[in-house]
Amino acid sequence: MKQLFFFALLFLLFTDIYAQSLTKLPAFGKVDKQELEMTECSFDKDAAAMVLFNEGISFFKINLNMSISPFMEQTEHHVRIKIFNSKGFDNANVKIKYYSADKSIFIKSLSAQTYNLDASGNIIITKVDKSSIYDKAINARYSEKIFAFPDVKEGSVLEFKYILEGASEGVWYFQEDIPVKFSRFIIDFPAELIVSVVPYNNLPMQKGTINKSSGNYTWYAMENLPALENEPFMSCPEDYLQRLDARVIALDFPGEPRRSFLKTWPDIIKDLVEDEDFGKQLKRNIPRTADLDKLLEQVTDPYKKMKIIHHYVRNNMAWNNYDNIWALEGVRNAWKDKKGTSGEINLILINLLKDAGLHVNPVLVSTRDNGIINTGVPGYSQFNKVMAYVTIADQHYVLDATELNTPSYLIPAEVMASEGFVIEKLDNYEGGWKVLWDDKHQLGKEIFVYASLDEKGMMKGNATITANDYAKVNLLPLLKSGNDKLKENLLTLPGISIDSFVVTNENDDSPLIEAFGFSLPTNATSDYHYFSANLFTGLDKNSFIADDRVTDIFFGTKQYYQLTCNISLPEGYQIENVPKNIKMITPDTAIVFIRQSSFSNNLLLIKIRLEFNSPIYTADIYPGFQEFYKKLFAYLNEKVVYKAK
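Its first residue numbered 229, the sequence shown is counted upward by one per residue in this note's numbering.
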């Protein structure tokens, strides 16, 4: 199961180049007129913008004052971007995120300017005003350096450089969401520092080493990289970008024992448990409110207790839209103010569950938008959220009080089919990885249609849609805007009208049921009428029409769709083509499609069952997946033809 959830990264052999010199990129401010006259990307004609080059140089130096830090770090950045058309203007708004809790880490020497050609072909330079560059705190640990380029036009070239003082780039991304012509990362470090570099790439990468008496000088480069496109049902884009991971792992002085900087997961958990913003907050006493005490009064069933507390916290705490694992303002202050980060709110939830006598532990997670955790590289920076992991008998529950739609018995969709680190014992720093997966609960839709056709080709009838588990969770945000929004979601067929729309079970854990009447005109050609029985499934459009795919297809849960259609014809009419019974199954049984149909006594009966038995389909099987989907939608949208006898 574990292998199913992880992107299969391909490690290509480097092209090794050993040289005494390194091709220099243009200096800051030295823009070639040809760059300004360029009208398109040579390897992506439709690109709105392109990175001409992006270079980072990380310097490491031994710090003799070992009480402060074993080594000093600094990274120089130099970026140049070409704007082709107005769709690329967003690249003129720059945000540089950095760790700011450590005051020794900051951004300095930032310079940025825009280049344009005037009517006479002269290069015009417009500098970014220093007063327009500012820092914005994301939270107590991270900040952003923010600025915008002035005078941006179609054809502009943008350039900026800065120094990240006190830190190196742990991960260097060669690829971006726009094409990259050239990207290079250089590591300059003394021989006494042992640096690990792990590439994650499936496109050619060059590596070069320059011998220096002071130590090692190694560079990595990639060129003509296509943009990573936003593909349907992809998870975190950063998981698929061409990149490398560089980190200092040891200090090795000749004649002295090697000093390792590698930490184990127990080391990380120890740091977290002893951290004032995390572990200490798990031991705070949260004052129970009178109304919560009243809700829990005489409740002995553990699941009911858990559900009451979960709902109470999510209904009484306002999330400020910041995800983290920390209680930066303290759980007591957040509880008093009734608002906080996801860390503060969920640590409050854990405290209250524990106070109610439930077996609860914090589980550290990375949400789908944050990316896959590399369990082989210990570090709490990979986690962006903490949730409550409750054990009742042999059943485990994952609770997030910032997510308002998922019932207590469901794993939140943003961490479903992932792994989380459960801190099991605070006192001795015990913990372990748990697969956050529920095989029983799926995204399920059951549709029943009872309709009749008249001589004019109008279909009229009634339908009920039952949305189970994650299907219901997906609909609840629409429902909170009113029944009309949910109703609009069904008006996808030309000419359809819906009346008597009734929704039930929106406020409990039962499946959501939509019941309604409808009328739908069929299409007509000469004496023939035709229609599709694919009604109200939500499977109206094939999302997988591209011939190639880079990223995995991530549904997140198992899914099933079940459609039953009973359609009666008027007297004197007949079906020209009763849909054939079909059964399609992929070789690994990961997708199953079954259609059964019959026609007798002027009644057409069609039953369809579609199952997706895996939460993820890897990019390497995409050709077969795409072909299956093509056939699937041909069957789903097959026209039923009828006419007068």
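Here a beta-carbon is modelled for each residue, glycine too, at the ideal position from N, C-alpha and C.
Where residue i sits in the DSSP three-state scheme
i, result
"residue 830", "coil"
"residue 351", "strand"
"residue 689", "strand"
"residue 851", "helix"
"residue 803", "strand"
"residue 366", "coil"
"residue 547", "strand"
"residue 857", "helix"
"residue 433", "coil"
"residue 317", "helix"
"residue 601", "coil"
"residue 530", "helix"
"residue 542", "helix"
"residue 838", "strand"
"residue 754", "coil"
"residue 576", "helix"
"residue 560", "helix"
"residue 862", "helix"
"residue 571", "helix"
"residue 581", "helix"
"residue 873", "coil"
"residue 345", "strand"
"residue 867", "strand"
Exposed unless 16 or more other CB atoms sit within 10 angstroms - verdict on residue i
i, result
"residue 481", "exposed"
"residue 528", "exposed"
"residue 819", "buried"
"residue 262", "exposed"
"residue 486", "exposed"
"residue 489", "exposed"
"residue 795", "buried"
"residue 663", "exposed"
"residue 569", "buried"
"residue 521", "exposed"
"residue 516", "exposed"
"residue 483", "exposed"
"residue 271", "exposed"
"residue 753", "exposed"
"residue 598", "buried"
"residue 349", "exposed"
"residue 762", "buried"
"residue 621", "exposed"
"residue 839", "buried"
"residue 780", "buried"
Nearest candidate by alpha-carbon position, reference residue i, set the options
i, options, result
"residue 373", "346, 347, 333 and 381", "333"
"residue 616", "683, 684 and 590", "590"
"residue 757", "719, 801, 765 and 722", "801"
"residue 696", "670, 705 and 413", "670"
"residue 734", "576, 717, 837 and 705", "705"
"residue 683", "751, 424, 566 and 530", "751"
"residue 631", "586, 711, 549 and 676", "549"
"residue 450", "281, 635, 257 and 732", "281"
"residue 810", "835, 576 and 524", "835"
"residue 496", "457, 659, 454 and 813", "659"
"residue 624", "863, 586 and 470", "586"
"residue 255", "588, 387 and 628", "387"
"residue 305", "394, 545, 519 and 413", "413"
"residue 454", "839, 406 and 417", "406"
"residue 312", "812, 264 and 787", "264"
"residue 730", "742, 286, 336 and 720", "742"
"residue 286", "473, 799, 866 and 830", "473"
"residue 358", "338, 369, 787 and 725", "338"
"residue 394", "361, 329 and 718", "329"
Closer than 7 Å: residue i CB and nearest the ligand MN heavy atom
i, result
"residue 451", "The ligand MN is not among the ligands present in this structure, which contains no ligands whatsoever."
Q.
Ignoring anything shorter than 4 residues, give me the alpha helix (DSSP H) runs that lie fully in the region 436-506, in order along the chain.
A. Taking only runs of at least 4 residues, the alpha helix (DSSP H) segments lying wholly in the region 436-506 are 493-502.
Q) Do the region 391-405 and the region 435-444 touch if we need at least three Cβ pairs shorter than 8 Å? A) Fewer than three beta-carbon pairs drawn from the region 391-405 and the region 435-444 are found closer than 8 Å, and the two stretches are therefore not classed as touching.
Q) Hey, is the region 733-750 in contact with the region 420-428, meaning 3+ C-beta pairs nearer than 8 Å? A) With a cut-off of 8 Å on Cβ pairs, the region 733-750 is not in contact with the region 420-428, counting fewer than three such pairs.
Q) Taking three-plus beta-carbon pairs below 8 Å as touching, is the region 649-659 in contact with the region 668-686? A) Judged by Cβ distances under 8 Å, the region 649-659 makes no contact with the region 668-686, as fewer than three pairs qualify.
Q: Could you tell me which uninterrupted beta strand (DSSP E) segments, each at least 3 residues in length, are contained entirely in the region 661-741, listed from first to last along the chain?
A: With a minimum length of 3 residues, the continuous beta strand (DSSP E) runs that stay inside the region 661-741 are 671-681, 686-697 and 725-732.
Q.
To test your reading of the DSSP string, which unbroken alpha helix (DSSP H) runs of 4 or more residues are found completely within the region 366-419?
A. Taking only runs of at least 4 residues, no alpha helix (DSSP H) segment lies wholly in the region 366-419.
Q. Which runs of the alpha helix (DSSP H) fall wholly inside the region 248-275 and span at least 4 residues, in chain order?
A. Taken in chain order, the whole alpha helix (DSSP H) runs of length 4 or more contained in the region 248-275 are 261-265.
Q: Inspect the CB distances between the region 707-721 and the region 640-648 and report whether three or more fall short of 8 Å.
A: Not touching, per the Cβ criterion.
Q.
Does the region 303-323 come into contact with the region 260-279, if we say contact requires no fewer than three beta-carbon pairs (one atom in each stretch) closer than 8 Å?
A. Output reads yes: the region 260-279 touches the region 303-323.
Q.
For the region 531-545 against the region 565-582, do three or more pairs of beta-carbon atoms, one drawn from each stretch, fall closer than 8 Å, so that the two count as touching?
A. Short answer: they touch.
Q: Taking 8 Å as the threshold, find out whether the region 340-348 comes into contact with the region 375-390 through three or more Cβ pairs.
A: Taking a cut-off of 8 Å on C-beta distances, the region 340-348 touches the region 375-390, as three or more cross pairs fall below it.
Q. Are three or more beta carbon pairs between the region 548-562 and the region 491-511 nearer than 8 Å?
A. Touching, yes.
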